[in-house]
Each structure stands twice: as C-alpha cells, then as structure tokens.
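Visitor: To start, I am sharing the structure in question, which I have written as structure tokens.
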Amino acid sequence: MASLLKDAIVLSREDARLPHIVKILHPDYPAAENTLLHLRALDDGGIDYDTALVACSIVTDNTSTGFLAIREAGAQYFKRVVRPDDSILSKIEYFFQLPDDDVLERPYPVVPRFEDWTFPHAAIPSPWKELGRQAQGGTSCRITDCMWGIERAHIIPLTELQQYITLDRFSQNDIDASDNVIPLRSDIHTVFDDKVFAIVPKRDQIPGQEAQGGPSLVIHIVNPISDSYFNHYYHNRKPLPLRCSIECLFARFAWSTWRLLKEVHHQSAPSRLRS
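Structure representation (structure tokens):
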C-alpha cells in the first residue's frame with residue numbers, strides 16, 4: 000500500500016540572482032547624474048521595447064514624440080533605436096530623447112512624483128490604446144485562479160483617490176467599483192500593493208515573423224523581489240479575464256513606475272515641455 004503522506008513542496012530557485020539592470024539615461028545631464036530609470040532585464044535578458052518607451056513617456060509628462068537612442072563609445076551623436084525584431088532591448092543602457100521642437104529648454108523636465116502626473120485622457124499611448132475591454136471576469140484570483148484567501152485589490156490605491164477622480168471621464172463609479180478592483184489571493188495582493196508587478200500590454204513578437212493579432216495583457220514584474228521563483232514564474236504570464244478598465248491599469252503602471260525613477264527626477268517642472 001502506498002504511503003498516504005506527501006513530501007513537502009519545494010519550489011525551484013536555481014538562480015536567486017536578480018536580472019541585470021537596463022539603464023535609461025537622460026541625454027541632457029552629465030554621466031554621474033543622468034540616470035532616468037532602472038528597468039530589470041526580465042524579458043529574455045532585456046526589457047520589452049513598448050514597456051520601456053511607455054515608462055519613459057509617463058515620467059516625462061506623457062510625451063508622445065520621445066524615442067530611445069544609443070551612443071557608441073567615443074561617438075558624438077546619438078543613433079535612434081528602431082523596434083528590435085523580437086521587441087527586446089538587449090543593451091545595458093539607452094538614452095531617452097525628445098525632439099528639440101517639443102522642449103522649451105534643456106534639460107527636458109521630468110515629473111517628480113505620481114501626484115504631479117496628469118492622466119493623458121486624449122493620448123493613451125500604444126499599445127495600451129489598442130486594447131479592448133474584457134466584458135467577462137471571475138471571482139477567483141485573476142493571477143493564480145485560487146478560490147481561497149481572495150481579497151478585493153484596488154488598481155488605483157485608496158491612497159491615490161485624487162488620481163482616480165481624474166479618471167471620471169472613463170469611470171463614473173466609485174473607487175470600489177469593478178472598474179478599479181481585481182480579485183487577488185491575499186499574498187498576491189500584498190506584492191501588488193508593494194509595486195512588485197503591474198498588468199501591461201505586450202506583443203507576442205517572434206523574430207522573422209509578423210506579430211499575430213493585437214497586444215495581450217500580461218503580468219510585468221516592475222520591481223523584482225528576492226524570490227526568484229515568483230519573478231520568473233509570473234513575469235509575462237497572462238492573467239485570467241479582467242473586468243476592470245484599461246485606463247485604471249494604465250494609471251497603475253504609472254504609479255508603479257515612479258519607484259524606478261532615479262537621479263534626475265528632482266531637477267525640473269513639467270511646465271517646460273511644449274503642449
């Protein structure tokens with residue numbers, strides 16, 4: 000007769016090291032103080048092109064004309080980066096550039112805090128604007144499908160009530176309505192509120208092939224934790240269908256992004272950008 004006892008669950012944590020950092024640099028500051036964002040290279044050794052570009056746009060007051068660039072060692076000029084075939088930025092540093100016509104003066108400014116950010120009602124960037132709202136959702140955890148320990152997680156936290164109010168063009172309900180709530184298991188809710196992950200759109204791009212269909216919502220680990228199993232198991236995994244609004248998810252990604260902001264954030268005011 001087989002034993003009724005089962006072995007303890009041991010999760011695989013073969014590589015506990017965090018992935019390397021991809022630095023996004025501000026071109027208008029000296030090297031010692033020009034880091035704009037730190038992004039972890041969880042996407043096959045790099046960072047998703049769209050995710051990086053949207054993060055840069057958010058912290059520079061929703062700029063729509065910015066682009067990523069590189070500068071080779073010893074070179075005087077920047078070289079614009081086109082979208083890679085696999086959509087992955089694989090170098091360790093990039094510059095976020097704004098055309099001169101869009102900036103009143105240099106260095107171009109950076110929005111220092113989420114509270115100072117204005118939601119871009121008429122200009123949600125791609126690929127976010129390509130998403131359609133999912134009509135159906137469920138009551139299980141939208142990440143794990145567990146039915147126990149479920150909590151109502153606010154996408155825009157209660158602490159950011161004022162920012163939610165600015166979304167009333169899209170959501171006429173209160174902050175506890177389904178537009179702004181995801182059912183999550185309690186431990187997943189905890190790391191969600193710690194800005195460990197956001198839910199973002201990504202394209203399933205295979206090198207040498209055209210992208211099939213539009214972008215899909217996936218879990219994106221914004222601020223990896225020391226548990227490598229969590230980071231690798233959940234990163235880029237699709238959630239179960241969500242009833243919440245895309246605009247709330249976008250605002251949540253913005254809220255999570257400010258933890259990645261580095262040296263240059265205290266330098267400027269958004270009013271120096273052309274409208």
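Numbering (numbering that gives the first Met the number 0), first residue to last: 0 to 274. For each residue, glycine too, the CB sits at the ideal point set by N, CA and C. These figures come from a predicted structure and were not determined experimentally.
1) Please check the pair A152 and L183, which I expect to be a contact at CB under 8 Å, by giving their CB distance rounded to whole angstroms.
2) Between Y233, P223 and S244, which lies nearest to I20 when the distance is taken from Cα to Cα?
3) For T34, write down the residues that DSSP places opposite it in a beta bridge.
4) Rounded to the nearest angstrom, what separates Y107 and S225 at their Cα positions?
5) What's the C-alpha gap between S2 and W147?
6) In terms of alpha-carbon separation, which member of I69, P29, D85 and T34 lies closest to I205?
7) Alpha carbon to alpha carbon, what distance is there between Y232 and N61?
8) Leaving out the 5 sequence neighbours to the left and right, which residues in its chain are closer than 8 Å to S56 when beta-carbon positions are compared?
9) Taking 7 Å as the threshold (C-beta atoms), are D178 and S244 in contact?
10) With which residues is I149 paired in a DSSP beta bridge?
11) Excluding the 5 residues flanking D27 on each side, which residues of the same chain have their C-beta closer than 7 Å to its C-beta?
12) Would you please state the rounded distance, in angstroms, between the beta carbons of L248 and L36? I believe it to be under 8 Å.
13) Extract the residue ranges of the beta strand (DSSP E) inside the segment 73–144, only unbroken runs of 3 or more that lie entirely within it.
14) Please confirm whether T59 and V102 have their CB atoms less than 7 Å apart.
15) Could you pull the start and end residues of the beta strand (DSSP E) that S215 belongs to?
16) Applying the criterion that 16 or more other CB atoms from any shown protein chain within 10 Å of the CB defines a buried residue, is V81 buried or exposed?
17) Between the Cα of V9 and the Cα atoms of W257, A250, Y228 and L52, which residue gives the shortest distance?
18) Is the beta carbon of P214 closer than 7 Å to that of P126?
19) Taking L41 as the reference, which of G212, F252, K201 and V221 has the closest Cα?
20) Classify K201: buried if its beta carbon has 16 or more other beta carbons within 10 angstroms, exposed otherwise.
21) What whole-angstrom Cβ distance do F118 and Q96 have, given they're in contact under 8 Å?
22) With a 10 Å radius around its C-beta and 16 neighbouring C-beta atoms as the bar for buried, classify R132 as buried or exposed.
23) Following a CB-centred definition, is E159 positioned closer than 6 Å to any heavy atom of the ligand ZN?
24) P238 bridges to which residues according to DSSP?
25) Between V180 and the rest of its own chain, which residues show a CB-CB distance below 8 Å, the 5 nearest in sequence each way excluded?
26) Would you tell me roughly how many angstroms separate the C-alpha atoms of L157 and F113, rounded to the nearest one?
27) Taking buried to mean at least 16 other C-beta atoms within 10 Å of its own C-beta, is P83 buried or exposed?
28) Is the beta carbon of L67 less than 7 Å from the beta carbon of Y93?
29) Under three-state DSSP, which class holds A51?
Guide: In short, the structure shows the following:
1) Taking C-beta atoms under 8 Å as the contact rule, A152 and L183 qualify, at a distance of about 4 Å.
2) Nearest option by C-alpha distance: P223.
3) In the DSSP assignment, T34 forms a beta bridge with L24.
4) One C-alpha to the other measures close to 35 Å.
5) Cα to Cα, the separation comes out at about 28 Å.
6) The shortest Cα separation from I205 among I69, P29, D85 and T34 belongs to D85.
7) A straight line joining the alpha-carbon of N61 with that of Y232 spans about 31 Å.
8) Once the five neighbours on either side are set aside, the close Cβ partners of S56 are T62, S63, G65 and P124.
9) For S244 and D178, yes; Cβs fall inside 7 Å.
10) Residue pairing by DSSP puts I149 in a beta bridge opposite R184.
11) Excluding residues within five positions, the ones whose Cβ falls inside 7 Å are R105, P106 and Y107.
12) About 20 Å separates the two Cβ atoms, so there is no contact after all.
13) Qualifying beta strand (DSSP E) stretches, in chain order: 92–96.
14) A distance of 7 Å or more separates the beta carbons of T59 and V102.
15) Where S215 is concerned, the enclosing beta strand (DSSP E) stretches over S215 to I220.
16) It is exposed - the Cβ of V81 has fewer than 16 other Cβ atoms within 10 Å.
17) Among W257, A250, Y228 and L52, the Cα nearest to that of V9 belongs to Y228.
18) Less than 7 Å divides the Cβ of P126 from the Cβ of P214.
19) Looking at the Cα atoms, V221 is the closest of the given residues.
20) For K201, the number of other beta carbons within 10 angstroms of its own is at least 16, and it is reported as buried.
21) Their Cβ separation, rounded to whole angstroms, is 24 Å, which puts F118 and Q96 out of contact at 8 Å.
22) R132 is exposed by the Cβ-count criterion.
23) The ligand ZN is not part of this structure, which contains no ligands at all.
24) In the DSSP output, where bridge partners are listed per residue, P238 has none listed.
25) Taken in chain order, the residues that qualify are R151, A152, H153, I154 and C243.
26) L157 and F113 have their C-alpha atoms some 14 Å from each other.
27) Looking at its Cβ environment, which holds fewer than 16 other Cβ atoms inside 10 Å, P83 is exposed.
28) Pairing L67 with Y93 gives a Cβ-Cβ distance under 7 Å.
29) Helix, per DSSP.
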